[in-house]
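Engineer:
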Ligand code: ATP
Ligand code: MG
């Protein structure tokens, strides 16, 4: 490819919409253009990168014996109703784009494909002899993200590799899950990415075991907690830890005037309490697909934070399917109550009477009361007195209204907490970009969609399933986030749009043009992905563009052309070598051979 034919438009200024380096660089270097919020055009350079990433993914998936397929993006609502996910994915904060066709049938644009693939499996897989079987595809997915941002990192249309496996038993599922994990590690390594596999929440997809693969980068949206000994790594959404010990409170029961001390911080500052001696009472409202609007009263130890994912999971395990899926979880504000004055926010105690909910339109009349284990374990504590400007000191859990609610793990693990597997280890926080996610789904979808097979004993049972995703377009941008410098992108060779840019320093010099054209042909014949910068620009402009674009190697044909002397520059190290063409090209070919396998 010649730069003169590449439709290359690079920008000198940072695009206003881009907040993180990889987004800025991909726009500036002419890889992507924004079409609408969360919707991007992949320009030819980007498409080359995406094809290279896809090729690596494809090779490794094929290597596991998975079969490539292509499933429809338009999916009938009926399938999602059978799995119970239609309402959760379309109402409230649901992320599925959906529409009604001319026959009045509802359809969704695929955010993921469990339903479609399970319905296919129900049709195709009948006997244990066909198992295990794995299907995968590389395809555009659609998600109406609440906050699309960071370019391809969180977009509304993106490329995903998704794979689905079917098994006769859980042991076989676990074996494929482990093979997929190994294939994922190879994929990310080959793409030149440093990743961390972490325990993850299974989210709305459902299922038991699940791991995410995180590209470590400051711009990551996920918080990952790891132990210093390397034995534990989990997404904060899922992480467990030992909370610091609470400081004991000696005070006898008393009421305290606490005007203007509606926060734990203000309360502790005014009276010298430690936050772990206090009880924080949160009021939330959970809306369910079945229409139920359930007020929640959640007790946490004052020094702890709520983990909304754990609360969401607790709610679904408590109610099963009775209320439908959880649509939203939001703070309950006084305006939603029949008598807004009954709610002394900032001064609540765990014994807040259900009467405050009386006459509130649409709300259940009673709180669902929950406590985190650390709150339940408190001896004496400080908490609100359920009247403005008053707290109680020395209160204890007791009987009646002061009975401790059912305790669950609801707190967010934090950096500095002790680890469960070894209390001498502390959790550390790192930011990560989720590029892949693998799940053991179990039988949730096969049961809902009646995907059954006949086992060795001749009995029918539901299939065991796993699913495995990689965000191909997110991965490509994450590679830039991990590999860039002040001058531009530094692509790992295996996924670079071109391996080498051959620069003609002066396109007016026939000798230079001649040598460059000859090398262009020879290098391509040798299997090198070469970009020839044949523009009539100054050499300096071409060098700058080459650095911005992040092409791993640059071969410059300049004044030395007459004597066959050229310059070879490595983008990552900045190392320059000048010398006769022959040995330099041999050196280049040797280095490329190693780098294509994933070495940097
Ligand atoms: P996230 O938590 O970031 O929203 P997710 O857990 O919902 O992602 P999965 O359903 O696990 O995503 O999808 C598989 C992979 O697809 C993710 O690991 C991620 O790499 C990619 N992905 C998900 N959402 C997006 C998006 N909006 N834009 C780009 N890639 C995405
Ligand atoms: Mg995920």
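In our numbering, the protein residues as written are 1113 to 1712.
Glycine is no exception: its CB is placed at the ideal position from the N, C-alpha and C atoms.
Can you give the Cα-Cα distance for residue 1483 and residue 1200, rounded to whole angstroms?
Structural biologist: Whole-angstrom Cα-Cα distance: 26 Å.
Engineer: Quick one: Cα of residue 1215 to Cα of residue 1151, how far?
Structural biologist: Each residue's alpha carbon lies about 29 Å from the other.
Engineer: Count Cβ pairs between the region 1471-1481 and the region 1446-1463 that sit closer than 8 Å; are there 3 or more?
Structural biologist: Contact between the region 1471-1481 and the region 1446-1463 is present, because at least three Cβ pairs lie under 8 Å.
Engineer: Tell me the DSSP secondary structure of residue 1153 in three-state form.
Structural biologist: Residue 1153 falls in the strand class under three-state DSSP.
Engineer: Thinking C-beta only, is residue 1255 closer than 9 Å to residue 1270?
Structural biologist: Against a cut-off of 9 Å, the Cβ pair of residue 1255 and residue 1270 comes out as a contact.
Engineer: Please confirm whether residue 1458 and residue 1468 have their CB atoms less than 9 Å apart.
Structural biologist: No; because the gap between Cβ atoms is not below 9 Å, this pair is not in contact.
Engineer: Could you check where the alpha helix (DSSP H) with residue 1380 kicks off and where it finishes?
Structural biologist: Its alpha helix (DSSP H) spans residues 1376-1383.
Engineer: If I measure Cβ to Cβ from residue 1704 and keep anything under 7 Å in the same chain, skipping five residues before and after, which residues do I get?
Structural biologist: 1605, 1611 and 1640, listed in sequence order.
Engineer: Ordered along the chain, which non-local residues of its own chain (more than five positions away) have a Cβ less than 8 Å from that of residue 1352?
Structural biologist: Around residue 1352: 1346, 1521, 1525 and 1532.
Engineer: Around the Cβ of residue 1407, are there at least 16 other Cβ atoms within 10 angstroms (buried) or fewer (exposed)?
Structural biologist: Looking at its Cβ environment, which holds 16 or more other Cβ atoms inside 10 Å, residue 1407 is buried.
Engineer: My output table needs one value for residue 1695: the three-state DSSP class, helix, strand or coil.
Structural biologist: Helix.
Engineer: Might you give, ordered along the chain, the residues of its own chain that have their beta carbon closer than 7 Å to the beta carbon of residue 1398, omitting 5 neighbours on each side?
Structural biologist: Hits under 7 Å: 1406, 1408, 1427, 1438 and 1441.
Engineer: Applying the 10 Å Cβ sphere with the 16-neighbour rule, what's the burial state of residue 1320?
Structural biologist: Label assigned to residue 1320: exposed.
Engineer: Return the bridge partner residues of residue 1329 from the DSSP annotation.
Structural biologist: In DSSP, residue 1329 forms no bridge with anything.
Engineer: Could you tell me whether the Cβ atoms of residue 1609 and residue 1146 are closer together than 9 Å?
Structural biologist: In this structure, residue 1146 does not lie closer than 9 Å to residue 1609 by Cβ.
Engineer: Between residue 1561 and residue 1234, is the Cβ-Cβ spacing less than 9 Å?
Structural biologist: Yes, they are a contact pair.
Engineer: With C-beta atoms as the reference, is residue 1687 less than 9 Å away from residue 1677?
Structural biologist: No, Cβ-Cβ distance for residue 1687 and residue 1677 is not below 9 Å.
Engineer: Look at the alpha carbon of residue 1646 and the alpha carbon of residue 1588, and state the distance between them as a whole number of angstroms.
Structural biologist: For residue 1646 and residue 1588, the distance between alpha carbons rounds to 27 Å.
Engineer: Check the C-beta distance from residue 1314 over to residue 1551 and give it rounded, since I have them as a contact under 8 Å.
Structural biologist: Indeed they touch by this definition, with Cβ atoms about 6 Å apart.
Engineer: Let me check you understand the geometry: is the CB of residue 1601 closer than 8 Å to at least one non-hydrogen atom of the ligand ATP?
Structural biologist: No, the beta carbon of residue 1601 sits no closer than 8 Å to any heavy atom of the ligand ATP.
Engineer: Give me the Cα-Cα distance between residue 1306 and residue 1328, rounded to the nearest whole angstrom.
Structural biologist: Answer to the nearest angstrom: the Cα atoms are 7 Å apart.
Engineer: Looking at the strands, I want to know which residues DSSP matches up with residue 1187.
Structural biologist: Note: residue 1187 sits in a beta bridge opposite 1220.
Engineer: With 16 as the cutoff for other CB atoms within 10 Å, does residue 1410 come out buried or exposed?
Structural biologist: Residue 1410 comes out buried.
Engineer: Let me check you understand the geometry: is the CB of residue 1227 closer than 8 Å to at least one non-hydrogen atom of the ligand ADP?
Structural biologist: The ligand ADP is absent from the structure shown, which contains only the ligand ATP and the ligand MG.
Engineer: By how many angstroms is the C-alpha of residue 1324 removed from the C-alpha of residue 1488?
Structural biologist: Computed Cα separation, rounded: 31 Å.
Engineer: Going by the C-beta, is residue 1502 closer than 8 Å to any heavy atom of the ligand ATP?
Structural biologist: Every heavy atom of the ligand ATP is 8 Å or more from the Cβ of residue 1502, so no.
Engineer: Can you check the region 1118-1151 for any alpha helix (DSSP H) of at least 4 residues that lies completely inside it and give the ranges in chain order?
Structural biologist: Those alpha helix (DSSP H) runs which fall completely within the region 1118-1151 and span 4+ residues are 1133-1140.
Engineer: Short check: CB of residue 1278 to CB of residue 1603, under 9 Å?
Structural biologist: Not in contact: residue 1278 and residue 1603 (Cβ atoms no closer than 9 Å).
Engineer: For residue 1157, is the classification buried or exposed, using 16 other Cβ atoms within 10 angstroms of its Cβ as the cut-off for buried?
Structural biologist: Residue 1157 should be labelled buried.
Engineer: Return yes when the C-beta of residue 1611 is under 8 Å from any heavy atom of the ligand MG, and no when it is not.
Structural biologist: Not under cutoff, so the answer is no.
Engineer: Where DSSP assigns a beta bridge to residue 1498, which residues make up the other side?
Structural biologist: Answer is none; residue 1498 lacks a bridge partner.
Engineer: Look at the alpha carbon of residue 1480 and the alpha carbon of residue 1461, and state the distance between them as a whole number of angstroms.
Structural biologist: Approximately 14 Å between the Cα atoms of the pair.
Engineer: Considering just the uninterrupted stretch of the alpha helix (DSSP H) at residue 1199, what are its terminal residues?
Structural biologist: It spans 1198-1202 - the alpha helix (DSSP H) in which residue 1199 sits, taken as one unbroken run.
Engineer: Is it the case that the CB of residue 1556 approaches a heavy atom of the ligand ATP more closely than 8 Å?
Structural biologist: No - the ligand ATP has no heavy atom lying nearer than 8 Å to the Cβ of residue 1556.
Engineer: So what's residue 1486 in DSSP terms, helix, strand or just coil?
Structural biologist: Correct three-state label for residue 1486: helix.
Engineer: So, is residue 1252 buried or exposed, given that buried needs 16 or more other C-beta atoms within 10 angstroms?
Structural biologist: Per the 10 Å Cβ criterion, exposed.
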